[in-house]
Every structure is written in structure tokens, then in C-alpha cells.
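Position one of the sequence shown corresponds to residue 1 (the UniProt record's numbering), numbered consecutively onward. Each residue gets a CB set at the ideal place from its N, CA and C atoms; glycine is no exception. Everything numeric in this text was worked out from a predicted model, so none of it was measured.
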Amino acid sequence: MIAGTLQTDPRSGGVKKSSGVNVLPIVAETWSEVRDNSNNDVDWLIAGYDKNSKTDITVIFKGSHGIEGCSKALPDQMAVFGGCRLKQNGRFVTFFHCAEGTSPMQRGRASMHKNGVLNVLEGSDCEIDMKPGITEETLTLPIISDGGPTSMTAAPVPRRTVPKSSPSPTPPPVAVRAASVVASKNSNTPSSDLASNVQALSISVEGYIPYEQ
1 MIAGTLQTDP RSGGVKKSSG VNVLPIVAET WSEVRDNSNN DVDWLIAGYD
51 KNSKTDITVI FKGSHGIEGC SKALPDQMAV FGGCRLKQNG RFVTFFHCAE
101 GTSPMQRGRA SMHKNGVLNV LEGSDCEIDM KPGITEETLT LPIISDGGPT
151 SMTAAPVPRR TVPKSSPSPT PPPVAVRAAS VVASKNSNTP SSDLASNVQA
201 LSISVEGYIP YEQ
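Shown next, in the form of C-alpha cells:
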């Protein structure tokens, strides 16, 4: 048996078998009761391993009062599968629950069998996180449209536009600034001497040669 494939097992009355799990006919029959909106006695079921079997799945509990009734019936130290009819909108949900204290072997085996079992519970709108004490009022559901469950997406965050600052003016070359300083300090110096001083200062700055008067 290849994990993830579906085959018909003649021992189970024609019920599909997946990943080595054998879902007994009673599971599909009870699920039909849950899906019957006129049935007020059964609106949820819990399925689990049949006695000491490692592959056979059967119904271990069923009842009414929706999510509240189902959550109160969750067994201890056992991995179970199930489904409910919601009272408020008549939708159908499925679940997989591993109670505290479930052995690691059963937890791992049930995780592999999960898809095979829940495939039998046809017509479900979504899978929920079932746990003891949960109610329909505290149940978190994805947004369900006519086309099936959809996930919620957050609104895009507007991007802030930072105005560009004006570019800083480029300072004049060092030689020009130095020449300006020399010119201001030597305002009484003859023009010919001042020009030679500026030229010498420019050469000394550009070539990193100390200027000597």
C-alpha cells in the first residue's frame, strides 16, 4: 500500500482505504445522520481506532448539542477524528484531535491516517481545531464563501514617501579656498606677488608639498 493512495477494501464493504487505514462503514453511515438537518438527535460524531486495532476506524461516540456536546465527549489519551454540524449556520466541520497523554506511536500513526479518515466525511466546509471546553461562540472559523473556505489577508500597508532633499552645494577645491584666504589677508600685496603666491599655494596643495615663503 502506497501512502496517500485510495483503494477499495472488500473487507470494509467497499469503503475507501487510504495509507493503510480501514474506515468501517459505520463511520460514513453516522456521518449521513450528522448531515441530516432534520435529525436533532445526532449532529456530531467521534471516530477512533476499533479496540486494539491499529488500522480499523469506527464510531466511538455520537450525539447532539453541536460543538459543545462533541467537545465534552472527547476521550482522554487517545487520537480521534470527527465532524460536527454547526447550529448557527448549518455548516459542517471536521477535526483531528490528539488528547494529552496520547502515546507517541498512536499520535504518529493517527497523523498518517488523518486524511484517509476525513476523506470519508464528505461535504465538510473546513477543518477546525477541536479541544475540550470549546463552544460554537468561541470557535474560530475561516471565512467561508459559496466557493469554499478562503483565508483572510491583511490590508496592504501604505508606503511613506520621503521627500528628496536638495543636494548640498559642492565646496570649491582646496586650492581655490586657500587662495581666497591668502587674497583676503594680503589685500595690500601687489597683484604680481599675490598671483605668484596663489600659484605656489595651489601647487603645494595639489602635490602635497609644504609651501615655504
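For residue j and residue i, the rounded distance between their alpha carbons
i: Q88; j: I46; result: 20 Å
i: G108; j: F92; result: 26 Å
i: M78; j: E136; result: 23 Å
i: S32; j: W44; result: 10 Å
i: N115; j: E127; result: 11 Å
i: D76; j: G101; result: 7 Å
i: T150; j: G90; result: Confidence is the limiting factor: at T150 the pLDDT is only 44, short of 50, which leaves the residue's position unreliable, though a coordinate-based value still follows. If I take the Cα positions, the gap works out to 18 Å.
i: G69; j: N40; result: 13 Å
i: residue 267; j: P104; result: The chain is shown only over 1 to 213; residue 267 falls outside these bounds and no answer can be derived.
i: R85; j: D36; result: 9 Å
i: I134; j: T140; result: 10 Å
i: M112; j: K54; result: 12 Å
i: N52; j: Q106; result: 11 Å
i: A110; j: V23; result: 12 Å
i: T30; j: T138; result: 26 Å
i: A28; j: G48; result: 13 Å
i: S38; j: D50; result: 29 Å
i: residue 245; j: N119; result: The structure shown does not extend to residue 245, since the chain is modelled only from 1 to 213, so the question has no answer here.
Counterpart residues of residue i in DSSP-defined beta bridges
i: L45; result: K62 and G83
i: E127; result: T94
i: D56; result: N22
Rounded distance between the beta-carbons of residue j and residue i, thought under 8 Å
i: L74; j: A99; result: 6 Å
i: V117; j: F81; result: 4 Å
i: G63; j: V42; result: 7 Å
C-beta contact flag for residue i and residue j at 8 Å
i: V21; j: I60; result: no
i: P132; j: S71; result: yes
i: S124; j: G66; result: no
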